[in-house]
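Please read the structure below before turning to the comments.
Numbering (our numbering), first residue to last: 7 to 502.
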């Protein structure tokens, strides 16, 4: 979907001044940012290799203010990019130079906790971890726990359908949200879903999850809460070969045991984490972390079974947490994997693909071959239980051509995931990062359906234009470039 915004008009400065004047009258003092030094912190999300300074930043605190901003932008044909905490890794919150960045971080209140029905109604700027902290006194918690949960916001979690280390058992964000309120580009407030398990009509609640701000702006979320598990333990298996670790993962799932979390790290990641934290992971080629939770009797039985599976699969060492402190310490290494790897090189490019578990060893071998071909090291960490891989490509942006090589390598890794029967993203979204690989995974007919769906919500293409869904013309060009070994630039967002 292409926006109708015309940035070539000679009266651009006049339109900018008019927009600023209108929004300034709609928002409280100090919540509309227009000066360059104020805009700089919003130039990018966590995909920091790509930066754009927005035309202006609006920071509403109420739903009414969000509606007013969107109505004004709709009236003036100005594109809007919604932003939460800015922890996204695919460029989904990259602003537009001729557009408004709608920063929702000031909408950060827990509005209501319904303990009997295990629900919490929250604003989109509430941090993921804050939800669990807020309801802990009731013996409840919010299950999805992305590695960035201390900082990431729940609105962004819905927009990207975020996961986390416990999503194998407890599901992604979409499985833990009862309802949402969204505002369309023309300012209409719509409520989707409900407290019940079923509702008539199309499942628009699921549609909003992972929509990356292309359809509507999320202004309220009702999340499902769970009782805290009575008991939990984690078993850690060390392997001399990564493929043995992958086979162990498959064997655990095949046994019928459903772990609360099932993660893997390769040697590069293990070494980085050990140097970063006093976690004491074994020196090995592959590490499997498997957490079981439930009653003490259930956990005792399952932890023994998992430990035996790890040994039977070739683990040279199996460690089981004995206390809650030990369990948290073992998980802290996995949670800190991204910042730990950040010490290995000036920059890294975090990929996000998903594959069938049975092809784990095959894809890891393909990543090794690609790493050697492009001359860049790759460190691997992944949610092994559901096949969600996070290869981290190490590079130096100050070295000419290394960023471009990292992009090409990342694209090839994602295409290897598709070839293995997987997908190009598990939880980080498409944004601008994976937009060409959308052409690989989906057919022309499927992509056209995506465009038609967006048009139903946003006919003028003003919400987050140029992201997530490539134009059919771009896919045709990408196919031609692929044949001849070329590469397309990132989407030309300035034209919006």
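All residues carry an ideal CB built from backbone N, CA and C; glycine is no exception.
Task: Cβ shell of residue 271 (< 6 Å), same chain only, five flanking positions each side left out - done: Taking the first residue of the chain shown as 1, we reach residue 271 at position 265. The answer, listed in chain order, is 293, 387.
- [ ] Flag residue 424 as yes when its Cβ comes closer than 7 Å to any non-hydrogen atom of the ligand ATP, and as no otherwise.
- [x] The ligand ATP is absent from the structure shown, which contains no ligands of any kind.
TODO: Report buried or exposed for residue 451, applying the criterion of at least 16 other Cβ atoms within 10 angstroms of its Cβ.
DONE: As a position in the chain shown, residue 451 is number 445, starting the count at 1. Exposed.
- [ ] Out of 35, 55, 60, 34, state which residue places its alpha-carbon closest to the alpha-carbon of residue 44.
- [x] Start at 1 with the first residue of the chain shown, and residue 44 comes out as number 38. Answer by Cα proximity: 60.
Task: Simplified DSSP state of residue 50, which is helix, strand or coil - done: As a position in the chain shown, residue 50 is number 44, starting the count at 1. If DSSP states are grouped into helix, strand and coil, residue 50 belongs with coil.
Open item on the list: Please list the terminal residues of the continuous beta strand (DSSP E) segment that includes residue 355.
Closed with: Here residue 355 is taken as the residue at index 349 of the chain shown, counted from 1. That run of the beta strand (DSSP E) goes 353–356.
Open item on the list: Quick check: the region 353–360 against the region 219–238, are at least 3 beta-carbon pairs closer than 8 Å?
Closed with: no
Open item on the list: Rounded to the nearest angstrom, what separates residue 80 and residue 285 at their Cα positions?
Closed with: Mapped onto the chain shown, residue 80 falls at position 74. Mapped onto the chain shown, residue 285 falls at position 279. Each residue's alpha carbon lies about 52 Å from the other.
Task: Coil, strand or helix - residue 163 by DSSP - done: Here residue 163 is taken as the residue at index 157 of the chain shown, counted from 1. Helix.
Task: Best match in 162, 47, 28 for proximity to residue 433 [C-alpha to C-alpha] - done: Here the question's residue 433 lines up with position 427 in the chain shown. Minimum Cα distance to residue 433 is reached at 162.
- [ ] Measure the Cβ-Cβ separation of residue 128 and residue 160 and say whether it is below 8 Å.
- [x] As a working note, residue 128 is residue 122 in the chain shown. As a working note, residue 160 is residue 154 in the chain shown. Yes, the pair counts as a contact, with Cβ atoms nearer than the cut-off.
- [ ] With DSSP as the reference, please indicate the residues paired to residue 65 in a beta bridge.
- [x] The count along the chain shown starts at 1 and reaches residue 65 at position 59. BP columns for residue 65 are empty, so no partner.
- [ ] Starting from the C-beta of residue 65, find all residues in its chain whose C-beta is less than 6 Å away, skip the five residues before and the five after it, and write them out in chain order.
- [x] Reading the chain shown from its first residue, position 59 is the one you call residue 65. 37, 109, 112, listed in sequence order.
TODO: Measuring alpha carbon to alpha carbon, tell me which of 335, 454, 249, 282 ends up nearest residue 370.
DONE: Taking the chain shown and counting its residues from 1, one reaches residue 370 at position 364. Nearest C-alpha to residue 370: 249.
Task: Reduced DSSP category for residue 158 - H, G, I as helix; E, B as strand; rest coil - done: Residue mapping note: residue 158 aligns to position 152 of the chain shown, counting from 1. If DSSP states are grouped into helix, strand and coil, residue 158 belongs with coil.
- [ ] Below 7 Å CB to CB, which residues in the same chain sit around residue 175 once its five sequence neighbours on both sides are set aside?
- [x] The residue you call residue 175 lines up with position 169 of the chain shown. Correct list, in chain order: 264, 265, 266.
TODO: Quick one: using the 10 Å Cβ neighbour count with 16 as the cut-off for buried, is residue 349 buried or exposed?
DONE: For the purposes of this step, residue 349 is taken as the residue at position 343 of the chain shown. Exposed, since its Cβ has fewer than 16 Cβ neighbours within 10 Å.
Task: Minimum C-alpha distance to residue 26 - residue among 373, 378, 74, 180 - done: Locating residue 26 in the chain shown gives position 20, counting from the first residue. The residue with the shortest Cα to Cα distance from residue 26 is 74.
- [ ] Determine the closest residue to residue 136 out of 231, 88, 63, 443, with distance taken between C-alpha atoms.
- [x] Here residue 136 refers to the residue found at position 130 when the chain shown is read from its first residue. Ranking 231, 88, 63, 443 by Cα distance to residue 136 puts 231 first.
Task: Reduced DSSP secondary structure (H/G/I, E/B, other) of residue 103 - done: As a working note, residue 103 is residue 97 in the chain shown. The answer is coil: DSSP assigns residue 103 none of H, G, I, E or B.
Task: N- and C-terminal bounds of the beta strand (DSSP E) containing residue 514 - done: Given that the chain is displayed from residue 7 to residue 502, the structure contains no residue 514 and the question cannot be resolved.
- [ ] Taking only the alpha-carbon atoms, compute the straight-line gap between residue 126 and residue 229 and give it to the nearest angstrom.
- [x] Indexing the chain shown from 1 puts residue 126 at position 120. Indexing the chain shown from 1 puts residue 229 at position 223. If I take the Cα positions, the gap works out to 5 Å.
Open item on the list: The alpha helix (DSSP H) that contains residue 137, what's its start and end?
Closed with: The sequence position of residue 137 within the chain shown is 131, counting from 1. Note, residue 137: alpha helix (DSSP H), 134–141.
Open item on the list: Among the candidates 167, 196, 191, 189, whose CA atom is the shortest distance from the CA of residue 182?
Closed with: Reading the chain shown from its first residue, position 176 is the one you call residue 182. Measuring from the Cα of residue 182, the nearest candidate turns out to be 167.
Task: Cβ-Cβ distance between residue 224 and residue 132 below 8 Å - done: The residue labelled residue 224 in the question sits at position 218 within the chain shown. The residue labelled residue 132 in the question sits at position 126 within the chain shown. Result no, Cβ atoms of residue 224 and residue 132 do not sit closer than 8 Å.
Task: Selection from 213, 375, 399 that minimises the alpha carbon distance to residue 463 - done: In the chain shown, residue 463 corresponds to position 457, counting from 1. The candidate whose alpha carbon is nearest that of residue 463 is 213.
TODO: Return the residue from the list 58, 376, 414, 72 that minimises the CA-CA distance to residue 226.
DONE: Position 220 of the chain shown holds residue 226. Among 58, 376, 414, 72, the Cα nearest to that of residue 226 is on 72.
TODO: State buried or exposed for residue 41, treating a residue as buried only when at least 16 other CB atoms are found within 10 Å of its CB.
DONE: Residue 41 sits at position 35 when you count from the first residue of the chain shown. Residue 41 comes out exposed.
Task: Sequence-distant residues of its chain with Cβ nearer than 7 Å to residue 500 (five each side left out) - done: Residue numbering aside, residue 500 sits at position 494 when the chain shown is read from its first letter. Unreliable positioning characterises residue 500 in this predicted model, as indicated by a pLDDT of 43, which lies under 50. The coordinate reading is nonetheless provided below. Once the five neighbours on either side are set aside, the close Cβ partners of residue 500 are 103.
- [ ] State whether the region 331–347 contacts the region 276–285, with contact taken as three or more CB pairs (one from each stretch) at a distance under 8 Å.
- [x] yes
TODO: Would you kindly check if the distance between the Cβ of residue 117 and the Cβ of residue 255 is under 8 Å?
DONE: Counting from 1 along the chain shown, the entry for residue 255 is found at position 249. Counting from 1 along the chain shown, the entry for residue 117 is found at position 111. No. Outside cutoff.
Open item on the list: Given a cut-off of 8 Å on the beta-carbon distance, is the pair residue 184 and residue 200 in contact?
Closed with: On the chain shown, position 178 is the one that residue 184 refers to. On the chain shown, position 194 is the one that residue 200 refers to. Yes; because the gap between Cβ atoms is below 8 Å, this pair is in contact.
Open item on the list: Do residue 142 and residue 188 count as a contact pair if the criterion is CB distance below 8 Å?
Closed with: Here residue 188 corresponds to residue number 182 of the chain shown, with the count starting at 1. Here residue 142 corresponds to residue number 136 of the chain shown, with the count starting at 1. The answer is no: Cβ separation not under 8 Å.
- [ ] Would you kindly report the start and end of the unbroken alpha helix (DSSP H) that includes residue 173?
- [x] Within the chain shown, the letter at position 167 stands for residue 173. Per DSSP, residue 173 belongs to the alpha helix (DSSP H) from 173–176.
- [ ] Leaving out five residues on either side along the sequence, give the residues of the same chain with a beta carbon under 7 Å from the beta carbon of residue 114.
- [x] Within the chain shown, residue 114 is the residue found at index 108, counting from 1. Only 129, 131, 132 meet the Cβ criterion.
Task: Rounded straight-line distance, which links the Cα of residue 473 to that of residue 76 - done: The residue labelled residue 76 in the question sits at position 70 within the chain shown. The residue labelled residue 473 in the question sits at position 467 within the chain shown. Using only the alpha carbons, I get a separation of about 19 Å.
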